[in-house]
Amino acid sequence: MARVQSIERAFLVLDAVSSTDLGITELASRVGMPKSTVARIVNTLVELKALERVPEEPTYRIGPKVYGLAAGQSRVADLIYRSFPHLRMLARELGEDAGLSVPDGNRVHYVAQEDAENNIAVRDWTGTLIPLHVVPSGLVILSHWPAEQVQSYIDNGLTPYTPKTVTDPQLMLRRLKRIRDQGHAWGIEEFAEGISSVAAPIYDRHSRVLGVIHVHGPSYRFPGDADPDGIAAAVIEAAVRVSRRLR
Numbered sequence: 363m364a365r366v367q368s369i370e371r372a373f374l375v376l377d378a379v380s381s382t383d384l385g386i387t388e389l390a391s392r393v394g395m396p397k398s399t400v401a402r403i404v405n406t407l408v409e410l411k412a413l414e415r416v417p418e419e420p421t422y423r424i425g426p427k428v429y430g431l432a433a434g435q436s437r438v439a440d441l442i443y444r445s446f447p448h449l450r451m452l453a454r455e456l457g458e459d460a461g462l463s464v465p466d467g468n469r470v471h472y473v474a475q476e477d478a479e480n481n482i483a484v485r486d487w488t489g490t491l492i493p494l495h496v497v498p499s500g501l502v503i504l505s506h507w508p509a510e511q512v513q514s515y516i517d518n519g520l521t522p523y524t525p526k527t528v529t530d531p532q533l534m535l536r537r538l539k540r541i542r543d544q545g546h547a548w549g550i551e552e553f554a555e556g557i558s559s560v561a562a563p564i565y566d567r568h569s570r571v572l573g574v575i576h577v578h579g580p581s582y583r584f585p586g587d588a589d590p591d592g593i594a595a596a597v598i599e600a601a602v603r604v605s606r607r608l609r
């Protein structure tokens, strides 16, 4: 497999600086590259905020961009850790798989799932990225976006995944308002035929959506004869408990 030398060299520099603050001369010695090459790499990494100059010192250290990327992964890991007990409880209580997702640009990213004990199970969606408008988890996220951001998303087109996907812009706007008011979203076969799902948001202390808890199952039995509002209330309560733990 071909390797990109400039990227490889940048990682060598980052790896060296990660253990201790270093100046250009010592850094060049550690990574085995000419000082001029190291200086160019360092200058680029500083511009990208991957490195920063130590105040009043001729040395460099890891910058805020790298810490931000690492913190993002830590936040997701912490969210999964805090959510799992509630996913397990929902899976036992409702008899369907419960999952956790997080925002990822214009998509929702499924990051965890707790399976219910069912003979007929729905596939594990962990790791899947799905457009926001076709699944309840994504709709919950979209419903909390600023109006101009929502409009921009809609203007890019609401691609249908099944005949039941909502693609009319005005219907979508009304739906998002209702989801925000009610605190949950149902989706019946809008992403995949034969699968239904309900989702509710997890908030941080600033009322921003950090993640979404959902429960999904085969449409022939979920929600079936059960009360959809009762199911939604259980999912909302689980999301509220996770939100409280995060605060």
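In this note's numbering, the protein residues as written are 363 to 609. Glycine is no exception: its CB is placed at the ideal position from the N, C-alpha and C atoms.
Where proline 493 is concerned, the enclosing beta strand (DSSP E) starts and stops at 491 to 493. Secondary structure note for alanine 561: its beta strand (DSSP E) is the uninterrupted segment 557 to 565. If you ignore the 5 residues before and after valine 502, its C-beta comes within less than 8 Å of the C-beta of Ile541, His546, Ala547, Ala561, Ala562, Pro563, Val571 and Val574, all in its own chain and listed in chain order. Counting along the chain, alanine 474 sits inside the beta strand (DSSP E) bounded by residues 469 to 476. The distance from the Cβ of leucine 491 to that of histidine 471 is about 5 Å, consistent with a contact at the 8 Å cut-off.
C-alpha of glutamate 409 to C-alpha of arginine 415: approximately 11 Å in a straight line. Short of 7 Å from the beta carbon of arginine 567, and not among the five residues preceding or following it, lie these beta carbons of its own chain, in chain order: Arg609.
Residue environment: alanine 509 is assigned as exposed (fewer than 16 neighbouring CB atoms within 10 Å of its CB, all protein chains considered). Per DSSP, reduced to three states, the secondary structure at arginine 609 is coil, with no helix or strand assignment. For valine 366, the three-state secondary structure derived from DSSP is coil. Contact annotation, proline 585 with serine 558: C-beta distance approximately 7 Å; criterion of less than 8 Å satisfied.
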